[in-house]
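**Q** Heads up, the numbering used here is the position in the sequence shown plus 518, with the first residue counted as 1.
Using N, Cα and C, we set each Cβ at its ideal position, and we do this for glycine too.
In this text the structure is predicted, and so the values were computed from the model without any measurement.
Quick one: the structure is below, questions incoming.
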Amino acid sequence: MFFTSLVNSSFCHYRTSEKNDKIRACDGSTSHEKDVCYLNVYNALLEIYVLVETKTGRNTFKPKIVTPLPKMNITEDKGELSLTWEHPGSAVGKCGLSYSLYVTECNNVKTLHTKELHLNIPYNKNCQYKFRYRVQTDEYCIFLSSDLSEVITHGENRSPDEMLTVIAIVIPIILSACVILSCYCFQRNREIFCPRIPDPSTIFKEMMMTGNKDSKPISGNLYTPVPEPTENITLVSGNMVPQENP
């Protein structure tokens, strides 16, 4: 294991609580911003004491053993937020891990726990989400916990009234544009939609005025019957002498 000192130390030593354990120098590197001290301790049940010597004096403290904090990724998936973590790998060996997640949704705080590397939660697009999390070993291993992560934000708070206001403004504009366009198209194609119907009174008036002027004799060979011979018949009473026709 290793730890990073919080001071610019010149010398760093450590020892464990094991009986007769001697003070040992750290195997570290001073090429980083902060000094790094590697501790050759293979029993995490032992307490560890670190001695740091600086130009201003000495300081002894007991470091806190933590597990590395894995990175969390956030993606949107079908109305849900999918949270995934990267496994710390060999830093925790074969120990199982438990993730504690602190979620702030529209100023409502809730705590979630999972032993999986992924977690899905319902997503409200009108809310801003703030996440903080930590990871710790399960009950079958020596208890180790990571530090609490920094705040991770996703989305933004939006009032539902804002969406209603946008809808109330946009819809009338669209309807007005449709009405104006419809009137324009109707005016241009008025003869198609509303053809002109003649006035019946005008038609009858013209017919009365013209009379038979517009009528023409029918030409062509028409059948004419042959006149039959006829005789004049005179009716007389019974006491009159019949007379012959001249």
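Given a threshold of 16 other Cβ atoms within 10 Å of its Cβ, counted over all protein chains shown, does Ser-535 qualify as buried or as exposed?
**A** When all chains shown are included, Ser-535 counts as exposed.
**Q** From this set, Pro-743, Cys-712, Asn-591, His-672, which residue's C-alpha is nearest Cys-624's C-alpha?
**A** Answer by Cα proximity: His-672.
**Q** Are the beta-carbon atoms of Arg-652 and Ser-618 separated by less than 7 angstroms?
**A** Yes, the pair counts as a contact, with Cβ atoms nearer than the cut-off.
**Q** Below 7 angstroms between beta carbons: does that hold for Glu-598 and Tyr-641?
**A** Yes, Cβ-Cβ distance for Glu-598 and Tyr-641 is below 7 angstroms.
**Q** Output the boundary residues of the beta strand (DSSP E) element that contains Ile-670.
**A** Counting along the chain, the beta strand (DSSP E) containing Ile-670 begins and ends at 670 to 672.
**Q** The beta strand (DSSP E) that contains Phe-579, what's its start and end?
**A** Taken as a continuous stretch (DSSP letters only), the beta strand (DSSP E) holding Phe-579 covers 575 to 579.
**Q** By the DSSP assignment, the beta strand (DSSP E) with Ile-592 in it spans what residues?
**A** It spans 590 to 595 - the beta strand (DSSP E) in which Ile-592 sits, taken as one unbroken run.
**Q** Suppose only complete runs of 3+ residues qualify. What are the beta strand (DSSP E) ranges in the region 599 to 642, listed by chain order?
**A** Complete beta strand (DSSP E) runs here, min 3: 615 to 623, 626 to 632, 636 to 640.
**Q** What separation, rounded to the nearest whole angstrom, lies between the Cα atoms of Thr-655 and Ile-692?
**A** Roughly 58 angstroms separates the two Cα atoms.
**Q** So does the region 657 to 664 actually touch the region 577 to 594, counting three or more Cβ pairs closer than 8 angstroms?
**A** With a cut-off of 8 angstroms, the region 577 to 594 and the region 657 to 664 count as touching, because enough Cβ pairs lie within range.
**Q** Can you tell me which of the three DSSP states Ile-566 falls into?
**A** In the structure shown, Ile-566 sits in a strand (DSSP, three-state: E or B).
**Q** In this structure, what does DSSP give as the bridge partners for Cys-530?
**A** BP columns for Cys-530 point to Val-570.
**Q** Should Ile-566 go down as buried or exposed, given a rule of 16 or more other Cβ atoms within 10 Å for buried?
**A** Under this definition Ile-566 is a buried residue.
**Q** Return the CA-CA distance between Tyr-702 and Val-684, expressed in angstroms with no decimal places.
**A** So the two alpha carbons sit approximately 27 angstroms from each other.
**Q** Between the C-alpha atoms of Ser-616 and Ser-694, what's the straight-line distance to the nearest angstrom?
**A** Distance between the alpha carbons of Ser-616 and Ser-694 is about 58 angstroms.
**Q** Would you kindly work out how many angstroms separate the C-alpha atoms of Lys-643 and Glu-594, rounded to a whole number?
**A** Using only the alpha carbons, I get a separation of about 10 angstroms.
**Q** Grab me the residues of Tyr-620's own chain with a C-beta within less than 6 angstroms of its C-beta, minus the 5 sequence neighbours each way, in chain order.
**A** Once the five neighbours on either side are set aside, the close Cβ partners of Tyr-620 are Thr-629, Arg-650.
**Q** Would you mind sorting Leu-637 into buried or exposed? The rule is 16 or more other CB atoms within 10 Å of its CB.
**A** Counting Cβ neighbours within 10 Å, Leu-637 comes out buried, since at least 16 surround it.
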